[in-house]
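Engineer: Pasting a structure below so you can have a look.
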Amino acid sequence: MARPPLPDDETLLGECEVQTFRSGGKGGQHQNTTDSGVRLIHRPTGLVVTARERRSQLQNRKLALARLKERLEEKRRVRRPRIPTKVPRKQRKKRLESKRRHAQKKKLRKPPKKDW
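Residue 1273 is where the sequence shown starts when you use this note's numbering, and the numbers rise one by one after that.
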């Protein structure tokens, strides 16, 4: 059951809505005057990734595309179902004994009750 490979960069960009924005942060005037931040919205899945590390929109677009591919790959991965196991009797007994000891310790911290 082989899954089809992820589409190439151009096809993937075609499936995305590309938004640019002023990224702000470090970089001062360079970042504040250019729309170098990139937000990719993958229409088929609704995944949203952003990149705003670089001062170049092109570099940020490449970064965002790499992140989108990573997320899509993660989403495609089929997780094996967990097989529930029964807690062994000895472990249950050990757990209860630990709870009893803890309760006893707490009980001993209280001042003794007065019997009038």
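Note that beta-carbon positions come from the ideal geometry of N, C-alpha and C, so glycine has one too.
Note that the structure is a prediction, hence the values are computed from the model and not measured.
May I have the straight-line CA-CA distance separating Glu-1346 from Lys-1382, to the nearest angstrom?
Structural biologist: One C-alpha to the other measures close to 53 Å.
Engineer: Identify the residues that DSSP records as bridge partners of His-1314: which are they?
Structural biologist: Bridge partners of His-1314: Cys-1288.
Engineer: So, Val-1310 versus Ala-1336, is the Cβ gap smaller than 7 Å?
Structural biologist: For Val-1310 and Ala-1336, yes; Cβs fall inside 7 Å.
Engineer: Measuring CA to CA, which of Leu-1344, Lys-1366 and Lys-1358 is closest to Ile-1313?
Structural biologist: Checking every option, the nearest Cα to that of Ile-1313 belongs to Leu-1344.
Engineer: Using three-state DSSP, classify Thr-1322 as helix, strand or coil.
Structural biologist: Three-state DSSP puts Thr-1322 in a strand.
Engineer: Tell me whether the beta-carbon of Leu-1278 lies closer than 7 Å to the beta-carbon of Lys-1334.
Structural biologist: No, Cβ-Cβ distance for Leu-1278 and Lys-1334 is not below 7 Å.
Engineer: Under 7 Å between the Cβ atoms of Asp-1307 and Arg-1294?
Structural biologist: Yes, they are a contact pair.
Engineer: Compare the beta carbon distance of Arg-1315 and Glu-1282 with 7 Å and say whether it is the shorter of the two.
Structural biologist: No, the pair does not count as a contact, with Cβ atoms beyond the cut-off.
Engineer: Taking C-alpha atoms, which residue in Arg-1361, Thr-1292, Leu-1380 and Thr-1357 lies nearest to Gln-1331?
Structural biologist: Measuring from the Cα of Gln-1331, the nearest candidate turns out to be Thr-1292.
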